[in-house]
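**Student:**
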Amino acid sequence: MGKLSTHVLDITQGKPGAGVKVALYAVGPEGRELLKSDVTNADGRCSTPLLEGDALKQGKYELVFSAGAYFDVQGVTLPEPKFIDEVTLAFGVADASQNYHVPLVVSPWAYSTYRGS
Numbered sequence: 011m012g013k014l015s016t017h018v019l020d021i022t023q024g025k026p027g028a029g030v031k032v033a034l035y036a037v038g039p040e041g042r043e044l045l046k047s048d049v050t051n052a053d054g055r056c057s058t059p060l061l062e063g064d065a066l067k068q069g070k071y072e073l074v075f076s077a078g079a080y081f082d083v084q085g086v087t088l089p090e091p092k093f094i095d096e097v098t099l100a101f102g103v104a105d106a107s108q109n110y111h112v113p114l115v116v117s118p119w120a121y122s123t124y125r126g127s
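With the first letter of the sequence shown counted as 1, position 96 gets the number 106 in the working numbering; the numbers rise by one all the way through.
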């Protein structure tokens with residue numbers, strides 16, 4: 011059975027993004043449905059998979075990370091509005107039997123992601 015997981019890496023400080031709020035949505039023809047909310051731990055990871063087993067289904071999803079609020083807590087002085095605030099990663103799950111790891115690599119000025127396993 012597959013699972014969906016994530017983590018946050020703060021490349022400004024070269025450390026895990028601890029305390030980042032994460033929201034997971036399923037995206038369908040009728041819009042978005044919130045499936046789970048979590049906060050990253052000291053290692054920048056959610057302590058449990060966001061979805062696993064039968065809960066992970068083929069389809070479209072969005073992960074929304076509260077990066078701007080995280081940088082506020084870190085004491086980073088940024089202009090308002092922030093250039094990077096809420097980061098939304100839209101992705102698809104084609105095979106729910108596989109593992110999908112969708113991390114966020116972020117700074118106040120840029121972000122990236124990739125599919126891990």
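Cβ atoms here follow ideal geometry from the backbone N, Cα and C, with glycine treated the same way.
(1) Determine the DSSP secondary structure at D53, reduced to helix, strand or coil.
(2) Do the stretch 94-107 and the stretch 46-58 make contact, defined as three or more Cβ pairs closer than 8 Å?
(3) State buried or exposed for V83, treating a residue as buried only when at least 16 other CB atoms are found within 10 Å of its CB.
(4) With G27 and Y71 assumed to form a contact (beta carbons below 8 Å), what rounded beta-carbon distance in angstroms separates them?
(5) Please report the residue range of the beta strand (DSSP E) in which F101 lies.
(6) Return helix, strand or coil for V86, following the three-state DSSP convention.
(7) If you pair each beta-carbon of the stretch 84-91 with each one of the stretch 30-41, do three or more pairs fall below 8 Å?
(8) Apply the 10 Å Cβ neighbour rule to G63 and answer buried if 16 or more other Cβ atoms are within range, or exposed otherwise.
(9) CB-CB under 6 Å to D20, same chain, minus the five flanking residues each way: which ones, in chain order?
(10) Between D53, A106, A120, which has its C-alpha nearest K92's C-alpha?
(11) Taking Cβ positions, are S76 and E90 nearer each other than 8 Å?
(12) In three-state DSSP terms, what is A33?
**Tutor:** Taking the geometry as given:
(1) The count along the sequence shown starts at 1 and reaches residue 53 at position 43. Coil at D53, not helix or strand.
(2) At 8 Å Cβ cutoff, the stretches do not touch.
(3) As a first step, residue 83 must be located in the sequence shown, where it is residue number 73. Exposed.
(4) Numbered from 1 along the sequence shown, position 17 holds the residue referred to as residue 27. Numbered from 1 along the sequence shown, position 61 holds the residue referred to as residue 71. Actually they are not in contact, since the Cβ atoms of G27 and Y71 sit about 20 Å apart, beyond 8 Å.
(5) Locating residue 101 in the sequence shown gives position 91, counting from the first residue. 96-103 is the extent of the beta strand (DSSP E) around F101.
(6) Locating residue 86 in the sequence shown gives position 76, where the first residue counts as 1. Here V86 sits in coil by DSSP.
(7) no
(8) The sequence position of residue 63 within the sequence shown is 53, counting from 1. G63 comes out exposed.
(9) Position 10 of the sequence shown, counted from the start, is the residue given in the question as residue 20. The answer, listed in chain order, is G27.
(10) As a position in the sequence shown, residue 92 is number 82, starting the count at 1. K92 has its Cα closest to that of A120, out of D53, A106, A120.
(11) In the sequence shown, the residue the question calls residue 76 occupies position 66. In the sequence shown, the residue the question calls residue 90 occupies position 80. No, these two residues do not count as a Cβ contact at 8 Å.
(12) As a working mapping, residue 33 is identified with position 23 in the sequence shown. Here A33 sits in strand by DSSP.
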